[in-house]
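Student: Starting off with a structure, shown below.
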Amino acid sequence: MQRIAFAVFAVLALVLVIRSITLLLLGPTEFWVIGLLGVFCAAALELTWVRVGTVPHRTPVVSLPILALPALAPAIPASAGGMGLVVLGVALALLVESRRVTVALYSAGLVAAGCIATVLFSAGMLAVGLPKLLAIAIGAGGYVVFVVAVESLRQRLTRPPVDLGGRRALAPVRFMVAIVGCGALASGLAYWSDNHVPIINSASEATIVVLLGLAVAAVGVKAANSRSAMRRRLRGLVAGGTMLIAGNRAATAALAAARLPGAGETAPDAVDIPDILCRAVEETVGVESVSVRTRPPEPGELGVAVNLVAGQSHFVVAVRDPMDGAFTEDDRVSLETLAFTAEAVDETRVSIGGLTVRANTDPLTGLPNYGAFQVALANINDNRDYSEAIAVLFIDLDDFKRMNDRYGHQVGDSILREIGHRLSMVVRPHDVVARVGGDEFVIILTHLKSLGEANIIAERIMTASGEPMTVDGSAVIPVVSIGLAYSAHRETDVNELLKDADRSMLAIKKSRRRGGPSKESSINISGHRSSEMNDIVARAIDEDLLQLAYQPIVSLVTGQIWAFEALVRYTHPELGPLSPSSLVEKAKGLGRLDKLTRQVAVKAMIAANEFRLIEPRIGCMTINVEAGQIVPKRVGDFVEELAERYPGISLCLELNERSMARVTPAIRAQADHLRDIGLLIALDDYGSQDSSVDALVRMPMDILKIDRSLVDDLDDVRQREVLTALQGFGDKLEYSMIVEGVESQAMADHLGALGIRSAQGFHYGTPQSFENTVARLEEFGANAVVPRAPRAGSAVSEVAAAASTAQALEQAGDNDVLPVPAPV
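Each position in the sequence shown, counted from 1, maps to that position plus 216 in our numbering.
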């Protein structure tokens, strides 16, 4: 149908043009001047568009070369060649503008058909008796209707569907104005041509004047339209550049957010720079459609190369209906300008995006760094459902400095990369792993349903990270400390969750310094933010479900046990061993610390009485308390009455040094009172990070317990001098000194040579249950050191078998804060 219609229109145009040229050649010379002027006038009118649609470049337009017919009529009537001259002018105008023969032939044929329709309409109106000018007006209006109808049908059949945004293809007001205006101009021109222009009497001269006037008017309108189009291009270039720059900012933010950990569904949508470019071209150039594609532009399309994807060549191609005006050189320049701007913007976006990624990535492991982790944690917390639980794991690689010093920094870097890789492989896709320090990693666990689920994942992480690795030809088994903080609901200040995880991890580190397992990875669960942990701890205290483990305190002089320290323990059926520090801190928050201390004291004294029956030389039991607890109304009166019930046992209260900062005169007086009636007071953890000489004189005491951090390298002369000074200080102030963290006979020998008389540590035994402690005493008595390889079937076999359980309990966290024992 398209080909048939085109052929019909083209033949019709050619016939009329040939007929007109033949008539001009056979006619007088003045017809040549009028004919050429008519062709020029029709060409000018053809290039002056009238829009009758609602959406520019997507709905029909109409030109009015038909107006040249009534101007030519007095000299060259339509039937005598006037139509052919108009058609020739249209063909020449479009051939020059579009440089496409098919477009010129189709347009000329359409105008030819319209001219014939106009002549027929006018003849029909005259036949029914209408005045000539009215008939001409109706015929000219019919031309507009005819052209719009044909063009609408052509667009529907040949062009792809166009989204008009719910608007109609034709604007009724515009359409009616075009019909009426064309009719009025045609009748006015006919009147002037018939009645001659004032002052001019010759019909030929009148025709020339009218044609010139009409052509000048058409050229003026065209110039005005061109200026309007130029202003539109300028506005479009400014708006397009602004859109691209704004889009670049948004795209950069989107790219950075999308590459940040934990972004997931919370990351903003990436801004499509090609889409912004297309919208900018549409507003600047004026097109039916525009796209970025790999295929180059076809004839009649306007396109330029654009590089928006590295390594790929694309073209931004603008398409306009062939009958809606050909693209101009100004359109090409505008398109090239926008394409270049888009390239620069996209290059900037990629560069900034790359810089953002590098700024948020740890260069050694490729994991997110601390800044990216903080953003991810905030995003995850802010965008999770209120009831969706998350957890933060703070992971520290123990003894990394020693490994770094021993094997070198390159090997240390390899260890960190391997640990980062293992953590990334074991977590789930929606979890986040980040490296936040030299040997510290953080993991965000998302989409959790319970604390138990978080603990299971943490155990998998601990197992995977602790797998042996070969370093410099030697097998290395990494040991990690993991602090777990669980959040059941959205946090107001999510940084507190990270602090909880950090504190839980540090509790394990402190436990290691005090003699806890130093060669086994550990997990410590913080209960600060978990209502489930609140319930667990409250139930364990209220129902008296806590157990105790006992660690011996020995004399380096006699090689005998003279006291035990009672350490609180609790194993949950699902979560496993809970950190003692978590228990104590939770007990404080729940207002149950004093109740917990009383339970520990009662069980410890009952156990001490049993131990004394087996080995009478062991007559002391220590428990941990805070300094403020010893006042009468808290646990002071209770422990006083308890000590009276067991007159053969010395009860020692270990006061952790952190609580010494709030010692009042009343607390000091109570300490003196308790010492006077036979209780012992010990200062625990001296030498730890918060220790000061002031603590030695602030509180009356019988025992000073030295933290393991002061004896971790007894080859260091400075450590030996400090210990000697403290021992001498103790002799003058009449207090005993116990060194914690003794893990080998070599350490024990060092301490003995320095004059230290009491010690505690894994060399003498891990904290064990009451049953296992009884078994040890029954088999070995008060001996400080027991054989490493127990005889098969002996009672100590049970002790050794239980050691791993005791160590696992010790892994759960720091003993410092608990109401736990101190040496006598």
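All residues carry an ideal CB built from backbone N, CA and C; glycine is no exception.
Suppose you measure from the CA of V535 to the CA of G436; what does that come to, to the nearest Å?
Tutor: So the alpha carbons of these two residues sit roughly 27 Å apart.
Student: Between A803, G254, S795 and L926, which has its C-alpha nearest A431's C-alpha?
Tutor: Measuring from the Cα of A431, the nearest candidate turns out to be G254.
Student: For a quick check, are the C-beta atoms of E950 and K921 less than 8 Å apart?
Tutor: no
Student: With the cut-off set at 8 Å, would you say A803 and I757 are in Cβ contact?
Tutor: yes
Student: At the level of alpha carbons, what is the spacing between D892 and R706?
Tutor: 52 Å
Student: Excluding sequence positions up to five away, which residues of its chain have a Cβ less than 6 Å from the Cβ of M299?
Tutor: L232 and C331
Student: With DSSP as the reference, identify every bridge partner of A650, one or two as the case may be.
Tutor: V658
Student: What is the DSSP secondary structure of E759, counted as helix, strand or coil?
Tutor: coil
Student: Of the residues D614, L428, F854 and I972, which one's Cα is nearest the Cα of H654?
Tutor: Residue identity check: residue 654 is Gly in the sequence provided, not His. Taking G654 as reference, the option from D614, L428, F854 and I972 with the minimal CA-CA separation is D614.
Student: Please name the residue or residues paired with N999 in a DSSP beta bridge.
Tutor: Q776
Student: Is it right to say V278 is buried, meaning 16 or more other beta carbons lie within 10 angstroms of its own, or is it exposed?
Tutor: Sixteen is the threshold: when 16 or more other Cβ atoms of the shown chains lie within 10 Å of the Cβ of V278, as they do, the residue is buried.
Student: Would you mind working out which of L228, L311, V306 and I424 sits nearest P290, comparing C-alpha positions?
Tutor: I424
Student: Quick one: grab the DSSP three-state call for R375.
Tutor: coil
Student: Compare the C-alpha of R372 against each of F362, A385 and V360 and name the closest.
Tutor: A385
Student: Let me know the secondary structure DSSP gives E956 once reduced to three states.
Tutor: In the structure shown, E956 sits in coil (DSSP, three-state: anything other than H, G, I, E or B).
Student: Per DSSP, which one or two residues make a beta bridge with R509?
Tutor: F531
Student: For C398 versus L280, is the C-beta distance shorter than 8 Å?
Tutor: yes
Student: With distance defined between alpha-carbon atoms, name the residue in R850, F610, R644 and V227 nearest to E656.
Tutor: Sorting R850, F610, R644 and V227 by C-alpha distance to the C-alpha of E656 places F610 at the top.
Student: Determine, using beta-carbon pairs with one atom in the stretch 543 to 561 and one in the stretch 674 to 683, whether at least three such pairs fall under 8 Å.
Tutor: Contact annotation: the stretch 543 to 561 does not touch the stretch 674 to 683, with fewer than three C-beta pairs closer than 8 Å.
Student: Determine the contact status of V649 and L639, defining contact as a CB-CB distance below 8 Å.
Tutor: yes
Student: DSSP three-state call for S420: helix, strand or coil?
Tutor: helix
Student: Within 10 Å of its beta-carbon, does T662 have 16 or more other beta-carbons around it, so buried, or fewer, so exposed?
Tutor: It counts as buried.
Student: Does the beta-carbon distance from A406 to P286 come in below 8 Å?
Tutor: yes
Student: My output table needs one value for G582: the three-state DSSP class, helix, strand or coil.
Tutor: coil
Student: Among N825, T880 and R878, whose alpha-carbon lies nearest the alpha-carbon of E860?
Tutor: N825
Student: Which partner residues does Q767 have in the DSSP bridge list?
Tutor: DSSP output for Q767 lists E781 as bridge partner(s).
Student: At which residue ranges does the stretch 691 to 739 contain complete alpha helix (DSSP H) runs of 4 or more residues, listed in the order of the chain?
Tutor: 711 to 729
Student: Going by DSSP in three states, G792 sits in which element: helix, strand or coil?
Tutor: Taken through DSSP and simplified to helix, strand or coil, G792 comes out as strand.
Student: For I865 and V933, I'd like the C-alpha separation in whole angstroms.
Tutor: 38 Å
Student: When you compare only the Cα positions, how much space is there between E842 and E801?
Tutor: Each residue's alpha carbon lies about 12 Å from the other.
Student: Taking the Cβ atom as the reference point for each residue, do L930 and R924 lie within a distance shorter than 8 Å?
Tutor: no
Student: Which residues in the same chain have their Cβ closer than 6 Å to the Cβ of A260, if we skip the five residues on either side of it in sequence?
Tutor: Shown here for A260: same chain residues with a beta carbon closer than 6 Å to its own, the five before and five after excluded, namely A431, A434 and V435 in chain order.
Student: Just to confirm the assignment, what range does the alpha helix (DSSP H) spanning M821 have?
Tutor: It spans L809 to I830 - the alpha helix (DSSP H) in which M821 sits, taken as one unbroken run.
Student: Count the other CB atoms, across all protein chains shown, that sit within 10 Å of the CB of N597; report buried if there are 16 or more and exposed otherwise.
Tutor: That one is buried.
Student: With DSSP collapsed to three states, give me the class of A962.
Tutor: helix
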